[in-house]
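**Q** Below you'll find the structure I mean.
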Amino acid sequence: MYVSISIGEEDLELIMGKAYGSAYPAALQSAHCPRCRLPDNAELLPERLWLNPAGDVLVQGACRQCGGAVEKLIETGIDPVQFDQAMAIRDYKIEISKDYEVKV
Ligand SMILES: [Zn+2]
Numbered sequence: 028m029y030v031s032i033s034i035g036e037e038d039l040e041l042i043m044g045k046a047y048g049s050a051y052p053a054a055l056q057s058a059h060c061p062r063c064r065l066p067d068n069a070e071l072l073p074e075r076l077w078l079n080p081a082g083d084v085l086v087q088g089a090c091r092q093c094g095g096a097v098e099k100l101i102e103t104g105i106d107p108v109q110f111d112q113a114m115a116i117r118d119y120k121i122e123i124s125k126d127y128e129v130k131v
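In terms of our numbering, the sequence shown has 91 at position 64, counting the first letter as 1, and numbering is strictly consecutive.
In C-alpha cells form, the structure reads like this:
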C-alpha cells in the first residue's frame, strides 16, 4: 500500500522517541504559511498526522496567526531507528488493527 495513513500523536511519539519532546515542537514552530508570508516561521496548530510510505510524518493543521491551512513534513524517515519504528506502526495498523484512514 503506497499511501499515507493516519496516525495519532502517541504513534508519532513512538516513532520519534527521545526526539519527540524537542523536535516535534520545533517543527510546529517552523511551518510555512503562504498567507502570512512567514517562511518557515509560522506556528502550526496540528489537526491531523499522516505517515507516508517513506516513514515521514506530514502534520496538517492551521496557522495560529491567520487560521489558514498549513502543513509540515517531519522527516522521521531519514533516521534509521525512527524509520524502523514508523514501518512497524504502518505494518501494525495496515495488517492488524486496521484503525487508520488513507490520505486522498
Ligand atoms: Zn498564517
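Glycine included, every Cβ here is placed at the ideal spot set by N, Cα and C.
Return the CA-CA distance between residue 90 and residue 46, expressed in angstroms with no decimal places.
**A** Spanning the two alpha carbons is a distance of roughly 23 Å.
**Q** Quick one: does the C-beta of residue 65 sit closer than 8 Å to a heavy atom of ligand 1?
**A** Because some heavy atom of ligand 1 lies under 8 Å away, the Cβ of residue 65 counts as near it: yes.
**Q** From the DSSP secondary-structure annotation, give me the bridge partner or partners of residue 89.
**A** DSSP, once it has assigned bridges, lists 72 and 96 as partnering residue 89.
**Q** Alpha carbons only, please: which of 72, 84, 120 and 123 is nearest the one belonging to residue 92?
**A** Selected option, being the one with the closest Cα: 72.
**Q** Is any heavy atom of ligand 1 found at a distance shorter than 8 Å from the C-beta of residue 87?
**A** Result no, Cβ not under 8 Å from ligand 1.
**Q** Contact check, residue 109 vs residue 44 under 8 Å by CB: the rounded distance?
**A** So it is a contact: roughly 7 Å between Cβ atoms.
**Q** Check whether the Cβ atoms of residue 77 and residue 125 sit closer than 9 Å, and answer yes or no.
**A** Cβ distance not < 9 Å, so residue 77 and residue 125 don't count as in contact.
**Q** Is any heavy atom in ligand 1 found nearer than 8 Å to the beta carbon of residue 56?
**A** No - ligand 1 has no heavy atom lying nearer than 8 Å to the Cβ of residue 56.
**Q** Hey, residue 55 and residue 84: beta-carbon distance below 9 Å or not?
**A** No.
**Q** Report the option in 127, 95 and 123 whose CA atom is closest to the CA atom of residue 62.
**A** The residue with the shortest Cα to Cα distance from residue 62 is 95.
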